[in-house]
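Beneath this line is the structure, given in structure tokens, with notes to follow.
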Amino acid sequence: MSYPSPSVLVMDIRTVDYVHPDAVKLIAEVQQEYVERYGGPDATPVDPADFVPPNGLFLVGYLDDVPIACGSWRVATAEGLRSGDAELKRMYVTPSARGKGFSRDLLAELERTAFAAGRTRAVLETGTLQPEAIALYRSSGYTGIPKFGIYRHTPESMCFAKELNGDLRTR
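So the sequence shown is numbered by the UniProt record's numbering: it starts at 1 and just counts up by one.
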């Protein structure tokens with residue numbers, strides 16, 4: 001006897017402006033997460049114009065039209081990075097949606113769209129107090145690189161990179 005497979009939750013990923021209300025809500029939540037883990041928000045300078053195609057993109061993931069995840073990329077400009085790098089920013093999944101693979105799906109879409117826009121490598125900064133993020137990036141093919149940007153001398157900072165080659169799969 002066969003049983004129907006359990007329903008799989010599928011996140012609807014949409015491109016939105018950095019200042020879209022759903023983006024603003026999720027950015028505030030991720031900043032609060034940084035406050036709880038590190039004692040303060042992420043201080044990386046961010047200009048909403050950085051996330052306007054073709055030089056960047058901001059994505060929000062939805063379940064039943066409820067925003068549950070966000071992430072973005074922008075052309076990387078920090079000293080020490082390569083021409084062609086896309087810097088990933090504001091990766092976040094709401095606590096109630098964690099553990100379901102949504103971060104991996106969102107990361108794959110960020111990589112896919114960055115590659116489609118001509119970016120050749122994804123780079124990012126995360127912190128030592130985010131072990132789930134570190135595990136996600138490492139399991140997705142990211143490797144450590146020298147620290148860059150305003151966190152290059154911050155002990156709790158870790159930086160990663162992954163070459164983008166068009167062979168981008170989810171889960």
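C-beta atoms are modelled at their ideal positions from N, C-alpha and C, and glycine is treated no differently.
- Query: Which word fits Arg-37, buried or exposed, when buried means at least 16 other C-beta atoms lie within 10 angstroms of its C-beta?
  - Reply: Taking the sequence shown and counting its residues from 1, the one referred to as residue 37 is at position 37. Classification for Arg-37: exposed.
- With distances taken Cα to Cα, identify the nearest neighbour of Leu-129 among Val-35, Tyr-18, Leu-9 and Thr-15. On the sequence shown, residue 129 is found 129 positions in, with the first residue counted as 1. Among Val-35, Tyr-18, Leu-9 and Thr-15, the Cα nearest to that of Leu-129 belongs to Val-35.
- Does the Cβ of Ala-23 have 16 or more other Cβ atoms within 10 Å, making it buried, or fewer, making it exposed? Against the sequence shown, residue 23 aligns to sequence position 23. Ala-23 comes out buried.
- Message: Taking the alpha helix (DSSP H) that Val-35 belongs to, which residues open and close that run?
- Response: Here residue 35 refers to the residue found at position 35 when the sequence shown is read from its first residue. From DSSP, the alpha helix (DSSP H) with Val-35 extends over 21-38.
- Kindly indicate which residue of Met-11, Met-158, Glu-109 and Tyr-137 has the alpha-carbon position closest to the one of Cys-57. Numbered from its first residue, the sequence shown carries residue 57 at position 57. At residue 57 the sequence reads Leu, which differs from the Cys that was named. Measuring from the Cα of Leu-57, the nearest candidate turns out to be Glu-109.
- Alpha-carbon spacing of Gln-32 relative to Glu-163, whole angstroms: In the sequence shown, the residue the question calls residue 32 occupies position 32. In the sequence shown, the residue the question calls residue 163 occupies position 163. Near 31 Å, if we compare the C-alpha coordinates of Glu-163 and Gln-32.
- Query: Which two residues bound the contiguous alpha helix (DSSP H) that contains Gly-103?
  - Reply: The sequence position of residue 103 within the sequence shown is 103, counting from 1. The amino acid occupying residue 103 in the given sequence is Ser; Gly does not appear at that position. Run containing Ser-103: 102-116, per the alpha helix (DSSP H) assignment.
- Item | Residue span of the beta strand (DSSP E) that contains Pro-67, given as start and end | By 1-based counting over the sequence shown, the position of residue 67 is 67. Taken as a continuous stretch (DSSP letters only), the beta strand (DSSP E) holding Pro-67 covers 66-75.
- Message: Between which residues of its own chain and Ile-134 is the CB-CB distance below 7 Å, once the five residues before and five after are set aside?
- Response: As a working note, residue 134 is residue 134 in the sequence shown. Here the set comprises Thr-126 and Met-158.
- Query: Where Leu-59 and Val-30 are concerned, what is the direct C-alpha to C-alpha distance, given to the nearest angstrom?
  - Reply: The residue you call residue 59 lines up with position 59 of the sequence shown. The residue you call residue 30 lines up with position 30 of the sequence shown. Looking at the two C-alpha atoms, the distance is approximately 14 Å.
- Query: Starting from Leu-129 and walking both ways along the alpha helix (DSSP H), at which residues does that stretch end?
  - Reply: The sequence position of residue 129 within the sequence shown is 129, counting from 1. Neither: Leu-129 is in no alpha helix (DSSP H) and is coded neither H nor E.
- Val-93 beta carbon less than 9 Å from that of Ala-69: As a working mapping, residue 69 is identified with position 69 in the sequence shown. As a working mapping, residue 93 is identified with position 93 in the sequence shown. Yes.
- Task: Apply the 10 Å Cβ neighbour rule to Gly-99 and answer buried if 16 or more other Cβ atoms are within range, or exposed otherwise.
- Result: As a first step, residue 99 is located in the sequence shown; it is residue number 99 there, counting from the start. That one is exposed.
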